[in-house]
Each structure stands twice: as structure tokens, then as C-alpha cells.
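Let me begin by presenting the structure, written as C-alpha cells, before commenting on it.
Number of protein chains: 2
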Amino acid sequence: MNIQKFRIGKPFNTEAVILDFPIESAVPEYIRVDNEEGKIYISLPLDSQDIIYGLGEQMGGINKRGRKYRSFCSDDPYHTEEKEALYGAHNFFIISGKTTVGYFIDFPGQIHWDMGFMEEDKISITIDGTNADIYVISGNGENEIVKDFRTIIGTSYMPPMWAFGYQQSRWSYPDKNEINRIIEGYEKAGIPLDTVYLDIDYMDNFKDFTINQKAFPDFEKYVAELKEKGIRLIPIIDAGIKWEKGFDVYEEGAKNNYFCKDRKGNDFKAAVWPGICCFPDYLKADARRWFGDKFLTLTKKGIQGFWIDMNEPALFYSKEKYQEAVDYVKEYSGEDLNCWEFFSSRDKFTQLSNNNEDYKNMMHLDGTVCHYDVHNLYGYMMTKGVCESLPKDTLLFSRASYIGSHRYGGIWTGDNASWWSHILLNLRMLPSLNMCGYLYIGADCGGFNNNASRELLLRWMQLSVFTPLFRNHSALGTRSQEAFAFGNSEDFKKVIEVRYRLIPYLYSLVKKCAENNEMMFKPLGFEFKDKLSLECDDQLLIGDEIMIAPIYQQNKTGRTVYLPEEMTFVKLSGSDVTHKETLKKGIHYIDVAIDEVPFFVRKDKKVPLCNPAKNVDNLDITIAEYI
Amino acid sequence: MNIQKFRIGKPFNTEAVILDFPIESAVPEYIRVDNEEGKIYISLPLDSQDIIYGLGEQMGGINKRGRKYRSFCSDDPYHTEEKEALYGAHNFFIISGKTTVGYFIDFPGQIHWDMGFMEEDKISITIDGTNADIYVISGNGENEIVKDFRTIIGTSYMPPMWAFGYQQSRWSYPDKNEINRIIEGYEKAGIPLDTVYLDIDYMDNFKDFTINQKAFPDFEKYVAELKEKGIRLIPIIDAGIKWEKGFDVYEEGAKNNYFCKDRKGNDFKAAVWPGICCFPDYLKADARRWFGDKFLTLTKKGIQGFWIDMNEPALFYSKEKYQEAVDYVKEYSGEDLNCWEFFSSRDKFTQLSNNNEDYKNMMHLDGTVCHYDVHNLYGYMMTKGVCESLPKDTLLFSRASYIGSHRYGGIWTGDNASWWSHILLNLRMLPSLNMCGYLYIGADCGGFNNNASRELLLRWMQLSVFTPLFRNHSALGTRSQEAFAFGNSEDFKKVIEVRYRLIPYLYSLVKKCAENNEMMFKPLGFEFKDKLSLECDDQLLIGDEIMIAPIYQQNKTGRTVYLPEEMTFVKLSGSDVTHKETLKKGIHYIDVAIDEVPFFVRKDKKVPLCNPAKNVDNLDITIAEYI
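Next up, the structure:
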């Protein structure tokens, strides 16, 4: 490994890197520290042909060049093109060109990335602080650099095999009856199903580690009943604890000083789903342990998997700032506001959520560390705490993340939308997340916000069939999005069954990638250096065997695909191989019916398929055929 | 012409159709009137192969199938995929398949369109009212149906030739000095320029027909000075008139009863840019005439073109509803709001703008007609009034529109964003707008909201070079977006010069399309019936001569193109023809440099080119060569 470590100031230990490195004696010239401004500036030249890979969970293409980004875990449910920050903060990128070099900035606060946006031939990075570790990784190409980086950040989380089954979620299935209706829907349609998710409404008034007794009169028994059928219930746990006298979790946290403080030394409070909450200080080992152990109350009831949420942390409002907003608009009562006065009074309310002033008032480690400066560690340290308490082979994935958390759980890419463009966004994030260590990953298939069409969901599934986390999830108020809800459910059955045929392949591939610090999903440009491969933004390589090129546009029955070398074009549908044809290197147009899963098998490679089953517990992973 | 006219109830006369038709004696079964609900339902079957064209200014693809839409002129600056309504209401569509039929619903209020979304094999249209004229147009294919429809709605507006020059806008160039700086920037870079736009800040406190004297000490002289250089200033005029005692325009309107009323019979008031405004009742002939004649105060100062805005109408807030919002949130002062209480207090402020309760309180024609029921006519009737007062050959285009307004002015497609996907959105709307009569059209090149990259603007220009309105426009607070602002301005010069070379062709094509009721931009499926043409969503035919296939993705130096027949692939750059090659029918990959404009010349056709010039006044339209 050829890795240089540069240290500026006295960095907070993020535990992202698990190997010790000697610190270089001199910081290179392209790194400039401005102590007066309290910032570090990094400036790197870009050659006209350079491609930028990485940055994990971000908008933009596979090539990150020509845009701005921000590392600051953000609960922003509108993933429009200009957005600079999503839920994760993944500060690793590679500049690939005449020379190919990887960079990791280990800094837990905000970073601004201008990747050739304001000036096309320059990367300008601004770190909002003066303490950081910077790793520069040289190696023989992208694959080697990624492998070296993955080696120093440690082995990725590996979920149990049943977590590779098809999963159904919604905000929310509020009670037993609704969950039974969903499971019956799948059973009647003969569509495989492995899990049903419990979103926030399963709790008593959104309080972590409680269960609404009316909705689930005997939860433990119900969990067991479903497990009997091969279906697992996956409850959500949020980051904040309801501030409520007498609520045992709150009382324990308060008594033991487990919560973040405000600048006055009181427990920091802000509202989330349950109303006003306190926030466990996951950066404290004892608080983290206490919170993680709470999950055992649920595993004891038979729960084998969790998704943890709102851990950027998302804050709806603080009472102080809400009162400020009310006072502000009261001033204008009866007045004729001009346009700017009107906009600012509206903004007072729209800007209450996830407000930096609240983050700056939130303190960690007994008031010694300001949350704003270590913001990106919150979801990571929550994931770590939970993972370390959970029994082995429990499914765990998080919304917020920072490199390091890949060792403790997977992630899903948050509140996307039922937009066609988000199929492509989903595809493009897969390799960049793999680069940063995240292997158990997936987007909400079909889209979380807005209404999905039948066609959108089926086309999206034709991609999700390949993602380790294959979960259909949708928001309150949107159209029913279960695979049986659109009519002609035979098409859905055929597509989802293909997933089950691929599970032995996908599971062992993810396992191998975890063990060897490799990527499951790769840009074509990691293997092929011709122009069309380097610019390809809507196809991916999977392992050494597969290339995918899903359809991600409405009202299309086919698409063009670029083959960088000879491959076998395959379409699967249910138990059938509906198409198999060797295609030469070059551009091809392929037809893909709505009930088919298309992919390409690379030259001299074979992909094992088993027979489909109604869930993973019932899956015979014996190879039925090779394709 | 084979047109059937069905009448339900007693429709409001929108003047959309200018020819008289006999009314069919019986309404067909697929139209159902529900007088109790106050709605008309239209249900049409869709064959699996059917394509839906039309609906004018809308999101979605060229094929409108599989989505929902809404006809309700809306000032919504976030053009995300799920949006159902933009600024225009264009109720004409064609179902193209085994049989091909056009439908026009002449109804001035809200219409909901489910074009095969909830059920894939069915169109379900809900008209929010029980009075409407419905036209069903049968004919030999899409082109004939469009021509027949265009014939019955009357001849499209045709702008002066200089309006085909390259145009620069921004919210805002607030004064003479800034405008001079912009013009100098173009002059120094040698980039052609025909107009500079004045957005709202040129006025005195946003008051229509006023000019900020400090910013423009001698406006008339300045207009003349710029005209001398071949540059025209294009001021904005908004729909609302500031409510201000002593402001002559307000006083005249109030005295003469020209303003819309509220339900109590007072002048209806709501806030827009100037604060509280009154709204001319453009549905009244005398008010419309009075407002139109006001423009002559500016044409007398030498102004030759206008853009009219905020005429959906956009309403920021009404005092009544603002007070309601304040009272609502005051209730919660000091309380711990739960999440729903918090969301609803925030929504009270976010839902103040363009609120239906305000539209329902706004009355036309001396209190006899509720605005909500005729909402979509407001921008249309404003355009009509202005056009009828203006001297011949004045440039006029509007943001809001309804079919009929195409006779009086062009439109631009409102507040888009500097998103790559909006290049494609721009392309896809061009043929649907042509279908509805709009020929002088264009989107804000480079995107209005958010920051543009150099590459985005250049790629967008490579499309806009072909749109009749070629205007670069950007919002307050965004990065400078002028063609000289990004460095290496030679690339911009080369692309914009190609526009000037094409002006004789484009101008005469638009003129011919206006005279013959034809489309300038056509989907490939209007001419070719093979599958790839029918599904093609990112290429267009222009006239009978050209096919375009612009690059609309970041970090690409080429793209695949489908040629439905043999064509000549041409690239122009400045005065040069950089590429010319005959390509066969089929899929091709083309390279396009950042300073080139690519297009395809159809078999046995020729496109005339003149030499570029610094503006249209200096353009020699003699043909220099044919390509």
C-alpha cells in the first residue's frame, strides 16, 4: 500500500481508519490552513480528461466532476439535481486520468466540495475546521486504490442471507391487521416476500422501544407467527428519545447523563416525531452501549432486524426557534408586508428544521464538543452502538452514515421519490457507496415520496433485483405500492422470482467483496478504458460476471447498451430464461419486456441460478443451472 | 375537416376556437356529466400501443402516457417530475395508435388528467365544472389533426425578426451601469447579442409602467442609445397593480372599475412584488383595453418588446390568510407541538401563496364570475389586451397561457432550473406547444433557478440555437450566467454564431408554420412509424429539413442517435462546418465538442445558412451556403 497520511491540527478521532499510519512530516502545498478563518483549503488541478469517482451517497453522475457537493448528513427528502448533501458523509474520492490517486479527508464536520464547478480545471475543497487527517492513496488504478482504502477502514458489515429476500415497507403499516393484509396480498399473488417493515406508527406515540399494545396485542407471539411463515418484521428505531416524565427510557438516559447537552448544560431538546426529544450522546461509550442494549428488549421478542432512522440527526424544531418565528410574524400582524418581509416570515417557519443554530447549541461528551463540529458522526456512532449490542446475524441498516459505520451496518439512501430519474440516481450511487465500504445498500424501490406508476415500479425492480437491499417503501398519503396493488401481478411475480434465483450468487458475491475489500458494483471505467466505457453513466459491472443496463425511462420497451467487449445478453422471467444471445463489442439496442430482468454475462463467465422460492427460509440454494 | 363539437351545459366563451361549428345533438357515452358533483368525467380506452401527444406546457415525456396532469395555470418554480401543472393550460391531445384522434376540451377552469396512470389502459379526465365544449378531431394522422386543430384556433403570433437574435436576461440588471457592463462583456468577447431584459427591478418599487429614475435617469435616451448599437431593451410588466393612493395607474383602475372584485364587492387585493396589489379584470374588454394602452407609454419611449409575467395570476399572500396563519401559530406559543401540529403551523405559511381560497374570493365581470372557475383565462386575456394595443411587430410573450393566447403572443416556459434534466424537458415541450399553437417559444437557457456550470450552459445552448426564443435567463442569487462570464468565451461565441447563421432558415420556417398552421418541432413519431421513432424522446424533427439530437448529460462528449432514414450529420462551429457525413438509417454514436452545434439534414433537403453578425440589425440574410 502506498498511503500518505497528513495531519493538520489535532483531529477528533472518528475511528474511520482502523490501521495506524506514520504521519508525514510536511503537509503538501495544495493543502492550505487558514487559522484565522478556521478553515482548511485543498486545491487540486484537473486535467481535461480526468474523471472523479467517489463521494458515496451524493447526487450527480458516476463521474462527480462539474458539480458542488457538501459533506453534512442532511434529512432532505427532495433529491433534486442541485442538492449538495444527502444523508451520508463519505469523504473519499479518486481522480482518475493520466495519474490516478485517491483522497480521504477524515473530518467529522462540514466539507464543501467544488469538483470542477466554478473552475472546470480545478477541485476546490473547503473544510470547515482546522483539524483533519488527510490520506492520499496512490496505486495501480482505481480497483487497487479502493482495495487499499477499504483495507484501512476495515471490513464491511455483512447481513444474514434472508436480508437478500424481497422486502416490503411503508410509512406505515400501523397494526397487525394491515400487516396481515399485506402478507395475504403477496401470498394470494404468489409473489415471494421475506420481510415486512414497521415504520414509526408501531410504537406508542413514536417512543423508541415501546409497542402500541392496541395495534399489536401480543407482539412476541405475532413475531413468532410470522417467522413460522418465513416472514420477519423489521421495526424502525429513531435517534431521539421522547422527553416525557415517567417514560423509562427517558428517565434512565436523563439520570445517567446519556443525553447531549445544550450550551447551558441542560439536556438538549428539540422536536422530532414524538414531539420534544432528548438525544442520546452516541459519542459517549456508555450512552452508546446503553442505547444499543435497549434493542435487546426487541430481539428478545424475536426481532432479527432493524432500520435506524432520523440519525443525521433530523430536528423538526426547537422551542426557542419556534417561539422566535412566532414573535417575528406577530410583528407583522395587520401590516401590509412587502415581498421581502413576506418571504422572510415564511422562511422563519420553513427554516426551523435541521437548523444550524440548533446544531450549534447541541453538545457532546459532557459539553466539551459542539455537535456542529462532529455532526457527521452522529448516525455512525449510533450504528456502532447498536451493532455492538445486537446478536450476530442481526440485520441492521441506517439512514445517516460516515465512513467507519460501514463496519457496523448497511445503509439505505433515504427518502427518494417515485421519479424515473431516481432509478438512475439509485444506479449511480451503488459503486460510489461500495468505494466507501457500504455493501449492504439499496434505495427505496418504487420511490418513497409521490405516487408510483405500475411501469415505474416494475422497471425499478429490474434494477433492484441486483441490489443487496431490495426493499419497496413508500410514504404516507401515496398510492399503495405493494407488488400486488397494481393488477396483473404475474409481471411482478416474474421479476421478483428472478431475485430469488440470483440470491446464492448475490449473497456469496457480497460476502466475497466484504472479505476481500472489493466492490460489488463497478463503473465500466474501472475495467475498460475506452471512451464509451469511461463516459458510461447508466450501466454497471457486478462482480466479475455481470453487466447491467436497466431501463429507466417511461414508455420505453428497449434501450441502447454499450458492450465494451463480447458478452451474452440474457433475460430472465420467473423460472424462464426468455433470451440468451451472444453480442459483440459495440452499441446494441435491446428489447426488454415489463416482466423480464435483463443483464449481460461477461465472456467466459457463468452466473449460477437456483430455483425461486416464496422466501429465503424456503430457498434451496442448490444451483439449478448456470447462465 | 372532420370535427365534432359537443356542448355540455352553457360554457363560458373562451374565444379559443374562432370558427363556428354546429353542436352535435347527442353527447357520446364516454362523456358523463354529474351535476350533483358539479363535474364532467371523460373516460377513453387505451390500446397497449397507443401514444398520447399534446397537453402543451407539461412535465413528462413526448408521450404523455402513464402520468397525471392538471390544467391550472400555476406559478410553481420547482419543476420536479411529479408536478402536474405549470404555467400554461393547454387542453389538446391526440391518441395515436390503430386509430388516431384529437381532443380539445374548451374549459377555462381546472381539469385533472389521468393519462393511463392509475389504470394503464384508460384515460380518465375530470373537469371541475359542468359547462364545457369538447371537440373531437378525426383525420389522417397526427399532422392533419394538428393542422385542423390549429385552423380552428386561429393563426399563431409571429414576432419581428430581431426577436430571433440571442437574448440576455437576469433577475435583475437593476440599472444602466449594470446593463452597460453586460453589453460590454458581450462586445469584448465578440459574442452576438440582440436584447437585454429588464426584470422587475427597473421599475419604481415594482409598479407597472413606472421607471426607477435613479437607475435610468433618461430612459428614452438610453433606449435610443442602445438601439443605435442594435440592442433592444425588453421590460417586464406584471399582472397586478400596486394598491397605492395617488399612483395614477391604480387610481385610474379603481375609479373606472377595472379591477377584479372580492366577494364583498370591494376591489380584490393580494400581495405580489409591490406588496398589496389590485388585479385588472382582463376579462372585461374596457379594462383590457385600458391596460394594453398603458404599454404605449413605454413604446413611445422606444421600447419594442415586452414580457408579461405573474399572470396565472401569482399571489404571494392575502392579508386575510396571512392573519389567519399568524393567529394559528400564536395559539401554539410556548406549547410543545407534536409533529402534526408543527407541520400544520409550517404549512399555514407555505400554503399562503396561490391559495385556492383567494382565487375563490376573486371575482370577474363586476362580480358575476368567480375567478377560480375561469382561472386559466387570466394570462390569456392579459396577453390579448396587450397585443391589441401594441404597434404591429412588437415582441410580446407571456408566462401564463391558455389556447387562444397563441394568436397574441409567444410564451416562455417559466422558472426552470439549471438542471441537466431541464434541457430534455425543454426539448420535449417544444412539439406539444407547437401542437397547441405556440410557435414563438423557448425555455430559460442555462436554467433560471440554481447555479449553472459552463458545460451545462453550452450544452443547453446547443439546443436553444434552434428554439425561436433563445434567451439566457437566471435568478437573483445565482452565479452569473452570461455567455462571457465563464471564461474561454470563444466556445460560446462559436455556438451563438451558429444561431445567427440559421436565422433566415428559422425565421422563414416559423413564418411558414404560422401561415400554414403547421408545427415547427415534431416528434419523430409524427413522420416515422417504426418502434424506435415512436419511442424516441430525446430527438426532434424541425420543419421538413432537420433532425436534432442535442447532448443533455453532464461529462459526455457524445451520445447515441437514432436515424429513421439516411441523413447527413452536420456540425457547425462559428462560421465553420466542422463535420459533414452521410449516415445510414440506424443507431449511431456521435461525438460533439463543447463548441459545436450538431444536427442532421434530412435526405434530399438543404438548410440555408447566412454569415453570422453581431446582431440581427447587422445580419445580412443573403444565403452564404447551403448545408
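Chains Y and G, in that order, give the protein sequences.
Its first residue numbered 1, the first sequence is counted upward by one per residue in the numbering used here.
Its first residue numbered 1001, the second sequence is counted upward by one per residue in the numbering used here.
Note that CB positions come from ideal geometry on N, CA and C, so glycine has one too.
In this text the structure is predicted, and so the values were computed from the model without any measurement.
Could you give the residue range of the alpha helix (DSSP H) that holds residue i?
i                        : result
proline 1504 of chain G  : 1490-1516
valine 146 of chain Y    : 141-153
tyrosine 1186 of chain G : 1176-1189
threonine 383 of chain Y : 378-389
Using a Cβ cut-off of 8 angstroms (strictly closer), state whether residue i contacts chain Y.
i                             : result
glycine 1275 of chain G       : yes
tryptophan 1419 of chain G    : yes
leucine 1352 of chain G       : yes
valine 1326 of chain G        : yes
arginine 1407 of chain G      : no
valine 1196 of chain G        : no
lysine 1264 of chain G        : no
threonine 1413 of chain G     : no
phenylalanine 1349 of chain G : yes
Below 8 angstroms on the Cβ atoms is my guess for residue i versus residue j; work out the distance and round it to an integer in Å.
i                            : j                         : result
histidine 1112 of chain G    : arginine 1170 of chain G  : The pair is not a contact, with the Cβ atoms about 36 angstroms apart (cut-off 8 angstroms).
valine 1607 of chain G       : glutamate 1545 of chain G : 5 angstroms
phenylalanine 521 of chain Y : asparagine 143 of chain Y : The Cβ separation is near 13 angstroms, so there is no contact.
Starting from residue i, find everything on chain G with Cβ-Cβ shorter than 8 angstroms and list it in chain order.
i                            : result
phenylalanine 117 of chain Y : Asn1451, Ser1453
Comparing the C-beta of residue i with each C-beta of chain G, is any distance below 8 angstroms?
i                        : result
serine 345 of chain Y    : yes
glutamine 553 of chain Y : yes
asparagine 63 of chain Y : yes
glutamate 120 of chain Y : yes
serine 333 of chain Y    : yes
valine 510 of chain Y    : no
glutamine 323 of chain Y : yes
glycine 97 of chain Y    : no
Mind pulling the chain Y residues with CB within less than 9 angstroms of residue i?
i                         : result
alanine 1271 of chain G   : Asp336, Leu337, Asn338, Cys339, Phe342
glutamate 1142 of chain G : Per Cβ cutoff of 9 angstroms: no residues; glutamate 1142 of chain G is ~16 angstroms from chain Y at best.
lysine 1330 of chain G    : Val326, Val329, Lys330, Ser333
Does the distance from the C-beta atom of residue i to that of residue j stay below 8 angstroms?
i                           : j                            : result
isoleucine 179 of chain Y   : alanine 483 of chain Y       : no
glutamine 167 of chain Y    : phenylalanine 466 of chain Y : no
glycine 54 of chain Y       : methionine 429 of chain Y    : no
arginine 1501 of chain G    : cysteine 1370 of chain G     : no
glutamate 1057 of chain G   : leucine 1433 of chain G      : yes
lysine 1039 of chain G      : isoleucine 1127 of chain G   : yes
lysine 321 of chain Y       : leucine 283 of chain Y       : no
isoleucine 137 of chain Y   : isoleucine 145 of chain Y    : yes
lysine 1585 of chain G      : glutamate 1566 of chain G    : yes
phenylalanine 12 of chain Y : tyrosine 1317 of chain G     : no
isoleucine 278 of chain Y   : glycine 1275 of chain G      : Strictly speaking, residue 278 of chain Y in this sequence is cysteine, with isoleucine absent from that position. No. Outside cutoff.
histidine 1422 of chain G   : histidine 1079 of chain G    : yes
glycine 1404 of chain G     : arginine 1150 of chain G     : no
glycine 165 of chain Y      : asparagine 449 of chain Y    : no
tryptophan 420 of chain Y   : glutamine 554 of chain Y     : yes
So which residues on chain G does residue i lean against when the C-beta distance must stay under 9 angstroms?
i                        : result
aspartate 537 of chain Y : Gln1553, Gln1554, Asn1555, Lys1556
May I ask which residues mark the beginning and end of the beta strand (DSSP E) holding residue i?
i                            : result
aspartate 358 of chain Y     : It is not in any beta strand (DSSP E) - aspartate 358 of chain Y instead sits in the alpha helix (DSSP H) that spans 356-360.
leucine 1572 of chain G      : 1567-1573
asparagine 1002 of chain G   : 1002-1008
phenylalanine 342 of chain Y : Careful: phenylalanine 342 of chain Y lies outside any beta strand (DSSP E), inside the alpha helix (DSSP H) at 339-350.
glutamate 331 of chain Y     : Per DSSP, glutamate 331 of chain Y belongs to no beta strand (DSSP E) and is neither H nor E.
serine 1074 of chain G       : Premise fails: serine 1074 of chain G is in no beta strand (DSSP E) and is neither H nor E.
histidine 588 of chain Y     : 586-591
Under 7 angstroms: does the beta carbon of residue i sit that close to some heavy atom of the ligand ADP?
i                      : result
cysteine 73 of chain Y : Summarising the ligand content, the structure contains no ligands, and the ligand ADP is consequently not present.
Who are the neighbours of residue i on chain Y, taking C-beta pairs under 7 angstroms?
i                        : result
tyrosine 1250 of chain G : Those within 7 angstroms of tyrosine 1250 of chain G in chain Y number zero; the least Cβ separation is about 14 angstroms.
Name the chain Y residues whose beta carbon is nearer than 8 angstroms to that of residue i?
i                        : result
tyrosine 1589 of chain G : Leu532, Ile587
Just the chain G side, please: which residues come within less than 7 angstroms of residue i by C-beta, in chain order?
i                            : result
phenylalanine 316 of chain Y : Cys1339, Phe1342
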